[in-house]
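This note's numbering numbers the first residue of the sequence shown as 184 and each following residue consecutively. C-beta atoms are modelled at their ideal positions from N, C-alpha and C, and glycine is treated no differently. The model shown is predicted, which means the values in this text are computed figures rather than measured ones. Report on the structure given below.
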Amino acid sequence: MKNRLLNIAFILAAAFLIGCSNGNGDFDATGTFEAEEIIVSSEAMGKIVMFQVEEGMQLKQNQIVGIVDTTQLLLKRKQLLSSITAVLSKQPDISAQLAALQEQIKTAEVEKKRIENLVKLDAATTKQLDDVNSQLEVLNKQYTAAKSSLTITKQGLQSETLPLIAQVEQIEDQIKKSYITNPIDGTVLTRYAKLDEITSNGKALYKIADLSGMTLRAYVDGDQLGQIKLGQKVKVYIDKGEDDQKEMSGEIYWVSSKAEFTPKTIQTKDERANLVYAIKVKVINDGYLKIGMYGEVNF
């Protein structure tokens, strides 16, 4: 009977030790879970006319979640485009305005050939040929001068539109920034703005974080540094309830190169350690992990 009681006591003690080794108090490092949080701010000034953001909502990357009123911007762009059209309408039609001179040059060239043939037959004088050549030379000079003048006029009018075009591009950029675009796949943590509110440049609208993968920021002392490396697989434990823990897999992806004083809220394996090194453990979130939750790590 006595041996039987001893065996039972031994089994219970072993079970207790195994439970401790699975995260119930026997840890190599502890820390809290965090996620990359992004505060989405307004890039435009005006009234929020559309805002589809609620706390806890899942949003996709590049999803349009809101619009700041663009009425005045659209009217300004319309005005600028009308001004550009008005300026360009003053451009001369170079081909049409040179057509008459081209026709005169063509007629003069035909006349020149005709007189050249007559001179060969002694039916016309060289003076007549000289007169035609002089006329043709004058027409060509007039054509060149007219073309140059019309080209300069057209280029001048086009240059007048450049500042207007630049203003249109600025307006279009402002219109684009009036659309509130969500930057990442994630969950809305906090909403700061509401529909129909007036916003301004840089004003926070909401906070979002990707909770699909969480980071456990834990701390180790100097003696433990030799036990860890980047890419190392570790076991992570979180509390599920009284005397119950959930085991998860993690991977060390960052180790601080500088020591720091032990944070007051953190327990270390060696409670006498004053200086510790921060590490980051990547953990896939199955829905149980929350920002700020306490976690333990076993190497």
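Exercise for the section: Return yes when the Cβ of residue 462 is within less than 8 Å of the Cβ of residue 396, no when it is not. Expected result: No, these two residues do not count as a Cβ contact at 8 Å.
Problem - Minimum Cβ-Cβ distance from residue 270 to chain E less than 8 Å - result: Going by chain labels, chain E is absent from the structure shown, which holds only one protein chain.
Practice task
Kindly indicate which three-state DSSP category residue 427 falls into: helix, strand or coil?
Solution key: Three-state DSSP puts residue 427 in a strand.
Practice task
Would you tell me roughly how many angstroms separate the C-alpha atoms of residue 486 and residue 416, rounded to the nearest one?
Solution key: Because residue 486 is not part of the residues shown, which for the chain are 184 to 482, the question remains open.
Handout entry: Limits of the unbroken alpha helix (DSSP H) element including residue 332
Key = Its alpha helix (DSSP H) spans residues 309-360.
Practice task
Look at residue 374 and residue 219 and say whether their C-beta atoms are less than 8 Å apart.
Solution key: Not closer than 8 Å, so no.
Problem - Counterpart residues of residue 224 in DSSP-defined beta bridges - result: Answer is 387, bridged to residue 224.
Practice task
Ignoring anything shorter than 4 residues or poking outside the region 251-281, list the alpha helix (DSSP H) runs there in chain order.
Solution key: DSSP runs (the alpha helix (DSSP H)) wholly in the region 251-281: 254-271.
Problem - Opposing strand residues paired with residue 433 [DSSP bridges] - result: Beta bridge pairing from DSSP links residue 433 with 417, 466.
Practice task
Decide if the region 380-388 is in contact with the region 260-280; the criterion is three or more beta carbon pairs, one per stretch, under 8 Å apart.
Solution key: Between the region 380-388 and the region 260-280 there are fewer than three C-beta pairs closer than 8 Å, too few to call the two in contact.
Handout entry: Coarse secondary structure for residue 475, derived from DSSP in three states
Key = In the structure shown, residue 475 falls within a coil segment according to DSSP collapsed to helix, strand and coil.
Practice task
Note down, in chain order, each residue of its chain lying with its Cβ closer than 8 Å to the Cβ of residue 337, except the 5 sequence neighbours on either side.
Solution key: Shown here for residue 337: same chain residues with a beta carbon closer than 8 Å to its own, the five before and five after excluded, namely 274, 275, 277 in chain order.
Handout entry: Residue burial classification, residue 335 (beta-carbon count within 10 angstroms, cutoff 16)
Key = Exposed, by the Cβ-count rule.
Problem - Per DSSP, cross-strand counterpart(s) of residue 376 - result: For residue 376, no pairing in a beta bridge is given by DSSP.
Handout entry: Backbone secondary structure at residue 292 - three-state DSSP
Key = If DSSP states are grouped into helix, strand and coil, residue 292 belongs with the helices.
Handout entry: Backbone CA spacing between residue 480 and residue 209 [nearest angstrom]
Key = Approximately 9 Å between the Cα atoms of the pair.
Practice task
Select from 326, 358, 288, 233 the residue whose C-alpha is nearest the C-alpha of residue 315.
Solution key: Nearest option by C-alpha distance: 288.
Exercise for the section: List the endpoints of the continuous beta strand (DSSP E) containing residue 217. Expected result: For residue 217, the uninterrupted beta strand (DSSP E) run begins and ends at 212-217, by DSSP.
Practice task
Count the C-beta pairs between the region 282-299 and the region 307-324 that are closer than 8 Å, then say yes if the count reaches three, no if not.
Solution key: With the cut-off at 8 Å, the region 282-299 and the region 307-324 touch.
Handout entry: Proximity winner among 217, 326, 360, 460, relative to residue 445 (alpha-carbon distances)
Key = Of the candidates 217, 326, 360, 460, the one whose C-alpha sits nearest the C-alpha of residue 445 is 460.
Handout entry: CA-to-CA distance, residue 401 to residue 212, given in whole angstroms
Key = Rounded to whole angstroms, residue 212 to residue 401 spans 6 Å at the Cα level.
Problem - Per-residue burial, residue 282 [other beta carbons within 10 Å of its own, 16 or more giving buried] - result: Answer is exposed; the Cβ neighbour count stays below 16.
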